[in-house]
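Before any comments, here is the structure.
2 protein chains.
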Amino acid sequence: MATSDVSIAKELRAALDGPWREVREEARAAIDDDRLYGDPSLDIKAARARVLEQMHLVASYGWVERGFRHVDGRPADPGAAVTALEMLAYNDLSLWVKSGVQWGLFGGAVENLGTDRHRGYIDELASLRLLGCFAMTETGHGSDVANLETTATYDPATQEFVVHSPTPSSRKDYIGGAAEHARMAAVFAQLITGGEGRGVHCFLVPIRDEAGSDLPGVTISDCGLKGGLPGVDNGRILFDQVRIPRENLLNRYADVAPDGTYSSEIENPSRRFFTTLGTLVRGRVSVGGAAAAAARVALSIAVRYAEQRRQFSDPDTGEETLLLDYRSHQRRLLPLVARSYALAFAQNELVRRMHLVQTGQDTDPRAQRALENRAAGLKVAQTRHATGAIQECREACGGAGYLTENRLVTLKADTDVFTTFEGDNVVLTQLVAKDLLTAYAEEVRDLDALGWVRFAATTARDVVRERSGVRQMIQRLRDRGDETVDEGDLSRRSVQLQLFADREDYMVRTAAHRLRARAKETGPFEAFNNAQDHILAAGTAHIERMVLEAFIDGIADIADPEARALANTVCDLYVYWTIEQNQAWFIMHRFMSVERAKAVRRGVNELVDRLRPQALTLIEGLGVPEGMLRAAMLD
Amino acid sequence: MATSDVSIAKELRAALDGPWREVREEARAAIDDDRLYGDPSLDIKAARARVLEQMHLVASYGWVERGFRHVDGRPADPGAAVTALEMLAYNDLSLWVKSGVQWGLFGGAVENLGTDRHRGYIDELASLRLLGCFAMTETGHGSDVANLETTATYDPATQEFVVHSPTPSSRKDYIGGAAEHARMAAVFAQLITGGEGRGVHCFLVPIRDEAGSDLPGVTISDCGLKGGLPGVDNGRILFDQVRIPRENLLNRYADVAPDGTYSSEIENPSRRFFTTLGTLVRGRVSVGGAAAAAARVALSIAVRYAEQRRQFSDPDTGEETLLLDYRSHQRRLLPLVARSYALAFAQNELVRRMHLVQTGQDTDPRAQRALENRAAGLKVAQTRHATGAIQECREACGGAGYLTENRLVTLKADTDVFTTFEGDNVVLTQLVAKDLLTAYAEEVRDLDALGWVRFAATTARDVVRERSGVRQMIQRLRDRGDETVDEGDLSRRSVQLQLFADREDYMVRTAAHRLRARAKETGPFEAFNNAQDHILAAGTAHIERMVLEAFIDGIADIADPEARALANTVCDLYVYWTIEQNQAWFIMHRFMSVERAKAVRRGVNELVDRLRPQALTLIEGLGVPEGMLRAAMLD
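Going down the list, the sequences are from chains D and X. The opening position of the first sequence corresponds to residue 1 in the working numbering, with each subsequent residue numbered one higher. The opening position of the second sequence corresponds to residue 1001 in the working numbering, with each subsequent residue numbered one higher.
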């Protein structure tokens, strides 16, 4: 059996651990604990109880507090908080989701949308004395949050808001924590005062009493069994004229005076809405991180299995062949390992930027919006990767892969909804593309879901805005490269990055052109709809370029030459494989000759061949401790 | 909301119902029964008990007996038996698998490998008085059945076989029915007599007494929870010198005389082995059929949901837009519907051929082998389609798709192992390619798993054997076509089929060439391994050509002109989409210009656009009764 190169693996792991590597190391020591794993034999009642118990253990680690400003004024450390909690995805995704709901979503709403008058809740929720949930999605509206139907109508007579579900489709749905444990909900509802609608705001609404019974006017039901995540108690909430104090409006960005006068420092209602949502970016960042972690666990299991499982004799030697010695198996797993590396670096960069914005260290006014765009794109890339990679790992382990004791099916079932929650991947890809197509124009932010199409279709702008970043990077890579090498040599990083950037630019330009050309004939919706696959492809191309940049930056930080060389080969595989998957586009749009496309295909084969002896080193570099894999077949 | 055209849907349904449409109609009436659905809230103990109870209900329908020769000599009706049981996949896949194990695999082994002395078991197992299992796979060997390790050593002193598991890896594993219910196992083991190994044979081995306890020498354990199929009791069996009577050898193709003399009408041991396995083809046929059925259920649910769910306002009208009116949603679902049509026709053709071979109506000596090849290829196509389509349906239904009450996650979890069992899809695709690469040479059949590579690499043959069938079909289509139309017009069926056939031929020829060129340098295994992705692609191209032929044949049988026209549009979508997915290959190998490839992409968009108003008609044509969908969100 092959062995790993321990020192190289250690260097790679340190690189992938990123800016908060001490936090990760500390977490690894804490979470390698039997009590933190799920027990698939439990029914949902018992599974939910177990997760709640595990959360108390997690609360004792001191990680949670890092996510909140201290009472004494010390700032929060969001990068550390997100990183530490992400590590729980190595244990059990129900635990990770439920923790994310309590501390990330519910806690995040109080922290970021509340003001001093709500500070008292932070201690309560951090320590789990107050269990909460995040009641945004409704049965009728998930992606289209601006059109939620729940109302919160101010009554100046009693200085209360009346929270109400006016229609069956306004029922809050899929709400994690609602079915059993939450006592309070952060409810997103249309604020109405003085007879005027003011758009979606967030309110703290008590939903259960100390004994766990629904409070008057509140009707909670259980979503029951799901595809996975049995330890998360998803539920539905209906409000029938539920009265809450005026102070329960989370009033960071808008407030209602006792007499019902509405005020906000943000004039434009749409901008106010997006500012509100923008503060919740941590949720998307976290989902991407957890998806990435789950994919790393699955790949670690499948590659290790392929290093021990043999099938069919090699007629030349008479010995049975290891699965990982088959080309088809290398091609199944190693490019996915390469993409896990790429995405890990991209995730680190995302968390770093989030931390800078949220701690006020990055004060560029465009930074928040760029962060949201990056978080949306990477959430898509990570969850799509996890869904595909875990599926491939299951199949690559055959019948053994189907047994729960080998974990892959649980990883698959638990992560399956990640492509949906915190923003459906199709909708998020469109969001990314929208910013590209409208050149990040300020006014677009304030338009409704498809209003941007009208803008994009009627306003002539240079949609490929100046990308000083990518240009500088390409120049830097060129300067560093060997000048005697052919300018078009695809093994050069600058050429690779240029190709990714060119593809993105071309797609964005032509999509914008198409929108404009068609909008006159058909109206914006038809124009948008006819170009939708094109628009989505532009969004995806943008995400892939962004990930490659992060990979290149990440490699530059690796000091050890051997580890850096290996990471460079992994990066080549990521690039070649991504090109191979899109080679039809590159050829059809004359960015690549047929001969070069064939060379790319051969290149993938050569690269998996070259990386195959290092497979275990790469897996150890992914940073999931072997003892935490807990797949019976690896014992 | 759109409506369906009832009369067209009825015509399409009749066409897809195929040669045994009366059997399907009869089954539809029987199985729309609450008692036949799974209950996801049950633990595995209760789920297993429920399935066993359901099987007694199924046994009362009289379908099972059709799979066996009658005592009075009337022949079996395998086409009807396979078709009727397939319909249970609309209800619950645990029920379908467990039924398949009992009647298809265990019963099939007794029926096809046994002789008159085993006839008494048939009645017992058909009526469920005898519960059995099919113990082929071992922990160490699944795909490589020829190298199973379990031994059955003949002892002339007592006229018994001694069944034994000599190593930990020889343990029978994943055996459906073994963990709780089976009293007897059809055990595949290396027959040893007179000190000589005779290869893998099948033996009937009692494993449990009436009280359900392991018999002496038999140690059974439970595989426990799996990704899905909770109602199937998969288990592991270890044999410690278990003695069974000589008569328990299923002796259709080989026998051992009381004194230990071995005899067989098939001289060549390898050919004997393949003849044995070949009789079990019904298993692969059935898995493909059930996968197809599950995909039809999922697509029926997702398309109906997309016809009622709205999200985001159309800025032109102010109304919220149906999901199915989005181009991206049409592109997600409608090509999958088209492929379900294609595969349904191909499955009908497969079952028809199986029926002819197994009832002795097709006596062409090549028919059995062609049937096995077709069954392997279609099993791959159907299970790959089901895995992808059900996943897409889940995601296309968002959060609602993740709730068990909407069935998609259960369909996903239950079918996930279909790509693995009855032959791993990668191994089966290789099997298909192997026959193509060696031009179905008789001698190849007798070579071990990779021995064929040496053959293919060293023997010069015209690997693209005469395909009179496809040539005739292309000519017939041409004759029927409008002669004024451009010969290269891709909307013509003959041009489409030619393109699929050309791709297959080219891939097969070049793969063979590559094997030959490389084998001299590297030896057969390396040559095979370096070409493995190419070989697999050739197998896939063959399968796609075969499916298209069946689709064309199936359409020709539709009498109603409107239904036929619609089916033709669906066929176009299947063709265009398949080409689009492979367009890089077509361009790179000069089978298609860049301009034509772009036209294909536009063609897919135009076709989904044209089919969109007929979506419900197409779904009803798929033949899953609306009342059987049982997805809460459609209520």
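For every residue, glycine included, the Cβ atom is placed at its ideal position computed from N, Cα and C.
8 Å Cβ shell around residue i - same chain, five flanking residues per side excluded
| i | result |
| --- | --- |
| arginine 518 of chain D | Ala457, Glu526, Ala527, Asn530, Ala531 |
| glutamate 180 of chain D | Arg48, Gly212, Asp222, Asp233, Gly235 |
| aspartate 424 of chain D | Gly142, Ser143 |
| aspartate 1214 of chain X | Ile1207, Arg1208, Ile1220 |
| alanine 389 of chain D | Ala295, Ala298, Leu299, Leu336, Arg339, Ser340 |
| isoleucine 1587 of chain X | Ser1593, Val1594, Ala1597 |
Which listed residue (the options) has its alpha carbon closest to that of residue i
| i | options | result |
| --- | --- | --- |
| methionine 1087 of chain X | X:Tyr1061, X:Glu1111, X:Ala1076, X:Val1110 | X:Tyr1061 |
| glycine 260 of chain D | D:Arg252, D:Arg246, D:Leu250 | D:Arg246 |
| threonine 459 of chain D | D:Ser491, D:Gly554, D:Val417, D:Leu515 | D:Leu515 |
| arginine 1509 of chain X | X:Leu1477, X:Val1464, X:Ser1494, X:Val1023 | X:Val1464 |
| arginine 1612 of chain X | X:Ile1192, X:Leu1334, X:Arg1590, X:Ala1389 | X:Leu1334 |
| phenylalanine 68 of chain D | D:Arg564, D:Leu191, D:Ala81 | D:Ala81 |
| asparagine 1147 of chain X | X:Asp1505, X:Gly1197, X:Glu1210 | X:Gly1197 |
| valine 297 of chain D | D:Pro75, D:Ala386, D:Val242, D:Gly554 | D:Ala386 |
| valine 608 of chain D | D:Arg339, D:Glu53, D:Ser169 | D:Arg339 |
| glutamine 54 of chain D | D:Asn248, D:Leu225, D:Asp39 | D:Asp39 |
| threonine 1569 of chain X | X:Met1546, X:Gln1430, X:Gly1603, X:Glu1549 | X:Gly1603 |
| asparagine 406 of chain D | D:Ala59, D:Arg630, D:Leu323, D:Ala306 | D:Arg630 |
Residue i: first and last residue of the uninterrupted alpha helix (DSSP H) it sits in
| i | result |
| --- | --- |
| isoleucine 266 of chain D | That residue, isoleucine 266 of chain D, is in no alpha helix (DSSP H); it is neither H nor E in DSSP. |
| cysteine 202 of chain D | Here cysteine 202 of chain D belongs to no alpha helix (DSSP H); instead the beta strand (DSSP E) covers 196-206. |
| phenylalanine 1586 of chain X | 1583-1588 |
| glutamine 382 of chain D | 367-396 |
| leucine 611 of chain D | 594-611 |
| glycine 1554 of chain X | 1532-1556 |
| glutamine 614 of chain D | Counting along the chain, glutamine 614 of chain D falls outside any alpha helix (DSSP H), and DSSP gives it neither H nor E. |
| tryptophan 1452 of chain X | 1451-1458 |
Boundaries of the beta strand (DSSP E) in which residue i is found, first to last residue
| i | result |
| --- | --- |
| cysteine 1223 of chain X | First-last for cysteine 1223 of chain X: undefined, no H or E at that position. |
| alanine 1171 of chain X | Note on residue identity: the sequence assigns arginine, not alanine, to residue 1171 of chain X. Taken as a continuous stretch (DSSP letters only), arginine 1171 of chain X belongs to no beta strand (DSSP E), as it is neither H nor E. |
| glutamine 102 of chain D | No beta strand (DSSP E) contains glutamine 102 of chain D, which DSSP labels as neither H nor E. |
| glutamine 311 of chain D | 310-313 |
| leucine 322 of chain D | 320-322 |
Pair within 7 Å by beta-carbon distance, residue i and residue j
| i | j | result |
| --- | --- | --- |
| leucine 1378 of chain X | valine 1357 of chain X | no |
| tyrosine 253 of chain D | isoleucine 244 of chain D | no |
| threonine 1419 of chain X | glutamate 395 of chain D | yes |
| alanine 376 of chain D | valine 417 of chain D | no |
| alanine 109 of chain D | valine 64 of chain D | no |
| valine 1351 of chain X | glycine 1523 of chain X | no |
| phenylalanine 1345 of chain X | phenylalanine 1551 of chain X | yes |
| phenylalanine 161 of chain D | phenylalanine 134 of chain D | no |
| glutamine 361 of chain D | alanine 292 of chain D | no |
| valine 1495 of chain X | threonine 1429 of chain X | no |
| isoleucine 1122 of chain X | threonine 1151 of chain X | no |
Cβ-based neighbour list, residue i, same chain, cut-off 6 Å, excluding 5 preceding and 5 following
| i | result |
| --- | --- |
| isoleucine 1619 of chain X | Ser1300, Val1303 |
| leucine 536 of chain D | Thr429 |
Strand pairing of residue i, partner residues [DSSP]
| i | result |
| --- | --- |
| aspartate 255 of chain D | D:Ser263 |
| alanine 1152 of chain X | X:Val1163, X:Leu1191 |
| isoleucine 244 of chain D | D:Phe161 |
| glutamate 138 of chain D | D:Lys172 |
| arginine 1236 of chain X | X:Ser1221 |
| glycine 212 of chain D | DSSP lists no partner for glycine 212 of chain D. |
| cysteine 133 of chain D | D:Ala185 |
| leucine 249 of chain D | D:Phe203 |
| leucine 403 of chain D | X:Lys1226 |
7 Å Cβ cutoff, residue i in contact with chain B
| i | result |
| --- | --- |
| tyrosine 1402 of chain X | The structure shown contains no chain B; its protein chains are D and X. |
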